Each structure stands twice: as structure tokens, then as C-alpha cells.
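**Q**
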Amino acid sequence: MLIDWFTVIAQIVNFLILVWLLKRFLYQPILRALDAREKRIAAELAAADEKKREAEKERDEFRQKNDEFEQQRSVLLHTASEEAHAERQRLIAAARTDADDLRAQRDEALKREYQDLRAVLSRRIGAEVFAIARKVLADLADTTLEAHIADAFIKRLRALSPEEKVGLASITRLSAQPLPATPAMTAAAAAETAGILIRSAFDLPATQQNAIKAAINEILETRIPVRFEARPDLISGIELIANGHKVTWNIAGYLASLEEEIGKLLKNPAEPESKAEPEAQPEPGPGFPTEPEFGAEPQAEASVKEKNAGKKKPNTPDNPETSNLKPPAHIR
């Protein structure tokens with residue numbers, strides 16, 4: 046078989062031209078398109094990788110922040126729970142304290158109200174009892190009882206201790222002379238202040254007056270003018286007044302001492318009793334100054350116990366068992 050080299054060469058040239066043409070107009074655009082696409086895909090992949098890395102970074106940051114938030118949330122919840130518990134305990138304690146204070150104030154108010162009511166009732170009852178006692182004693186007082194009281198008073202004078210007798214003698218010595226007349230007191234009134242004044246609820250008979258004068262002269266070992274005066278407010282009693290001082294024995298003294306002691310107990314039952322106020326006595330008359338008292342103070346409690354001990358028998362000088370009771374004697 047014969048080979049036509051011209052044809053072969055022509056075919057080779059044609060093939061090369063075709064290859065060039067294909068490369069020039071077909072393969073290069075396709076390759077450029079493929080390269081561009083590859084670059085675009087690579088860029089997109091790179092961008093995707095970058096976004097993925099950013100997303101992972103953001104995810105990690107979010108996860109970290111979420112963990113931190115959870116930790117902070119747990120801490121805040123724990124702190125809030127502890128603070129709420131502490132506040133609850135504080136409020137409960139404050140409420141209990143307020144409730145205890147209110148309860149204490151209520152109890153104190155009720156106690157004060159009870160004590161005030163009790164004190165008022167006690168004072169009213171005591172006042173009524175003492176008023177009734179004074180009324181009954183005033184109604185029962187008569188001249189016979191006053192005579193017995195005068196006898197008891199004479200015994201009381203003779204039973205004074207030597208110190209009391211010396212004090213009474215010094216007082217009566219000063220009263221032997223009348224006080225000087227002043228513009229407020231006439232000479233006649235000043236003359237009446239001389240000597241000793243004996244007061245009683247009723248007019249004493251002459252025998253009783255003479256017996257009292259004799260007892261006074263015997264005790265004082267001197268003769269001093271003695272005057273007698275009736276004072277119904279003594280309520281079965283008798284008193285000796287000299288130079289503004291008194292030696293008294295009367296049932297009203299018992300009642301006043303008892304009423305004063307009960308008043309002090311009602312006024313302040315829990316604390317020690319304060320010093321008793323001086324017992325109010327009737328004014329001895331014009332020109333007699335009020336002198337400080339000396340001598341024995343009345344013993345109200347002893348008087349009450351003695352009275353209670355002698356309830357079954359009347360406390361009169363006629364009763365031998367009760368006539369030895371020492372009444373409250375005042376030298377003022």
C-alpha cells in the first residue's frame with residue numbers, strides 16, 4: 046500500500062491547526078472558566094472555612110459566656126437565696142421582738158391598770174372602812190368611856206420612861222410662863238397659853254380633872270396651871286398640850302396610823318417604805334408654835350396586832366387583859 050506523504054503531512058498540519066483552533070477558541074475559555082470557577086470555589090471554601098472558624102470561635106465564646114453566665118447565675122441565685130433567708134430570719138426575729146414588746150407592753154398596761162384599779166378600790170374601801178369606823182366610834186363614845194380613857198391616860202402618864210418624863214418636864218417648864226403679847230395675839234390670848242392644856246372629846250368630870258392634875262403635879266414635881274377643853278374631833282381620846290408639844294392617847298391615833306401605813310403600802314408596795322410624814326394634829330390654840338416631835342413614834346402594826354389579839358374582849362381600861370396595851374403616845 047502506497048503512503049501519500051503529502052496527504053499525511055497535510056492531515057498533520059490540519060490536525061495541528063485544528064488543535065490550535067480548539068485550544069484557542071475552545072479549551073482556553075473552558076480552562077479559564079474552570080480556573081475561575083475553581084478560584085471562586087476555593088474562595089468560597091476559604092470564606093466558608095473562615096466563617097466556620099469564626100462560627101466555631103463565636104460558639105466557643107458563647108459557650109464560655111454561657112458557662113460564665115450559668116456560674117454567675119448560680120452564684121447570684123445562691124447569694125439571693127442566702128440573703129432572702131437571712132432577711133426572712135431578720136424579719137421573723139424583728140416580728141417576734143415586736144410581738145414580744147407589744148405583749149410586754151400589753152401585759153405591763155394590764156398590770157398597771159390592774160394595780161391602779163386595785164389601788165383605787167383599796168383606797169375607796171379603806172376610806173369607807175375608816176369613815177365607818179370613825180362614825181361608829183364617835184357614836185359609841187360617851188362620858189363613861191371618856192372616864193375610862195382618862196384613867197388610861199393617867200396610867201400612861203405615870204408609865205412614862207425617865208427620859209420621857211425629863212423631856213415633858215422641860216417642855217412644861219417653858220410653858221409655865223405665858224407667851225409675850227404680839228400684834229397678832231392679845232394679852233388675854235397670850236395669858237391663856239400659859240400652863241398645860243388637856244383636851245378630851247367630852248367634858249371631864251371634876252374628879253377626873255383633879256386626878257389628871259394630881260398625876261401631872263406628881264410626875265413634874267411642881268404645880269403648873271392646867272386647863273381643860275372639850276374637842277369632839279378627838280373621837281374617844283385625850284391629849285396633853287404644853288408649849289406646842291403633845292402627849293396624846295386616842296382611838297383616832299390608831300386609825301390615822303393604820304390608815305397611813307395602808308396608804309404607804311398601796312402607794313409603793315414593792316419598795317421600802319419611805320419615812321412617814323408627821324401625823325396631823327389639831328392646832329393647840331392661838332400662840333402655840335408647831336415644834337419638832339421627839340420621843341416614841343406610834344407603832345401602827347403593833348397596834349393592829351394588839352387589836353386583833355384582843356378582838357374577843359373590848360379594848361377598854363376595865364378589861365385587865367387589854368388595859369396593859371400601850372397606845373401610841375406622842376410627845377410633840
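Just so you know, we're using my numbering here: the sequence shown kicks off at 46 and counts up by one. Ideal placement from N, C-alpha and C gives every residue a C-beta, glycine not left out. Computed from a prediction, not measured in an experiment: that's the story for all the values here.
Report back the beta-carbon spacing between Glu241 and Val271 to the nearest angstrom; my notes put them in contact at under 8 Å.
**A** The sequence shown places Ile at residue 241, not Glu. With a Cβ gap of about 5 Å, Ile241 and Val271 count as contacting.
**Q** What residue does the alpha helix (DSSP H) around Ala263 start on, and which one ends it?
**A** It should be pointed out that residue 263 corresponds to Glu in this sequence rather than to Ala. Its alpha helix (DSSP H) spans residues Ala251 to Leu265.
**Q** Which of the three DSSP states, helix, strand or coil, is assigned to Ala195?
**A** In the structure shown, Ala195 sits in a helix (DSSP, three-state: H, G or I).
**Q** For Ala214, I'd like the list of residues in its chain whose CB is within less than 6 Å of its CB, leaving aside the five on either flank, ordered along the chain.
**A** Leu265.
**Q** In its own chain, which residues sit with a C-beta less than 6 Å from the C-beta of Arg244, not counting the 5 before and 5 after it?
**A** Within the same chain, Arg244 has close Cβ partners Glu274, Arg276 and Glu284.
**Q** Please confirm whether Ile199 and Ile257 have their CB atoms less than 8 Å apart.
**A** Contact flag set, yes.
**Q** Give the DSSP-derived three-state secondary structure of Ala287 in the structure shown.
**A** In this structure, Ala287 counts as strand in the three-state DSSP scheme.
**Q** Taking the continuous beta strand (DSSP E) assigned at Leu205, which residues delimit it?
**A** That residue, Leu205, is in no beta strand (DSSP E); it is neither H nor E in DSSP.
**Q** Counting along the chain, where does the alpha helix (DSSP H) carrying Ala420 start and finish?
**A** Because the chain here runs from 46 to 377, residue 420 falls outside it and cannot be looked at.
**Q** Consult DSSP for Pro334 and reduce its assignment to one of helix, strand or coil.
**A** Below a pLDDT of 50, predicted positions are generally treated as unreliable, and Pro334, at 35, falls in that range; the measurement from the model is reported next regardless. Three-state result, Pro334: coil.
**Q** Can the beta-carbon of Ala260 be found closer than 8 Å to that of Leu202?
**A** Result yes, Cβ atoms of Ala260 and Leu202 sit closer than 8 Å.
**Q** Using only the alpha-carbon positions, how far apart do Ile54 and Glu83 sit?
**A** Spanning the two alpha carbons is a distance of roughly 39 Å.
**Q** Could you please give the first and the last residue of the uninterrupted beta strand (DSSP E) stretch that includes Ala246?
**A** Looking at the DSSP string, Ala246 is not in any beta strand (DSSP E), and its letter there is neither H nor E.
**Q** With burial defined as no fewer than 16 other Cβ atoms inside 10 Å of the residue's Cβ, what is the status of Val292: buried or exposed?
**A** Looking at its Cβ environment, which holds 16 or more other Cβ atoms inside 10 Å, Val292 is buried.
**Q** What ranges does the beta strand (DSSP E) occupy inside the segment 78-125, keeping only unbroken runs of at least 3 residues that lie completely in it?
**A** Entirely contained in the segment 78-125, not one beta strand (DSSP E) run reaches 3 residues.
**Q** Assuming contact is defined by CB atoms lying nearer than 8 Å, are Ile177 and Gly282 in contact in what I supplied?
**A** For Ile177 and Gly282, no; Cβs fall outside 8 Å.
**Q** In the structure shown, what three-state DSSP assignment does Arg151 receive?
**A** Here Arg151 sits in helix by DSSP.
**Q** Report buried or exposed for Pro323, applying the criterion of at least 16 other Cβ atoms within 10 angstroms of its Cβ.
**A** Because Pro323 carries a pLDDT of 44, less than 50, the predicted location of this residue cannot be relied on, and no value is offered for it.
**Q** Reducing DSSP to helix, strand and coil, say where Gly282 ends up.
**A** The answer is strand: DSSP assigns Gly282 an E or B state.
**Q** The beta strand (DSSP E) with Phe273 in it runs from where to where?
**A** Per DSSP, Phe273 belongs to the beta strand (DSSP E) from Val271 to Ala275.
**Q** Give the C-beta separation of Ile216 and Asn262 to the nearest angstrom, bearing in mind that I take them to be a contact with Cβ-Cβ under 8 Å.
**A** No, Ile216 and Asn262 are not in contact; Cβ-Cβ is about 15 Å, not under 8 Å.
**Q** Within 10 Å of its beta-carbon, does Leu122 have 16 or more other beta-carbons around it, so buried, or fewer, so exposed?
**A** Classification for Leu122: exposed.
**Q** Is the distance from the Cβ of Ala204 to the Cβ of Gln253 below 8 Å?
**A** Contact flag unset, no.
**Q** Using a Cβ-Cβ cut-off of 7 Å (strictly less than) and excluding sequence neighbours within five positions of Lys210, which residues of its own chain qualify?
**A** Ile264.
**Q** Suppose you measure from the CA of Arg141 to the CA of Glu101; what does that come to, to the nearest Å?
**A** Between Arg141 and Glu101, the C-alpha separation is close to 58 Å.
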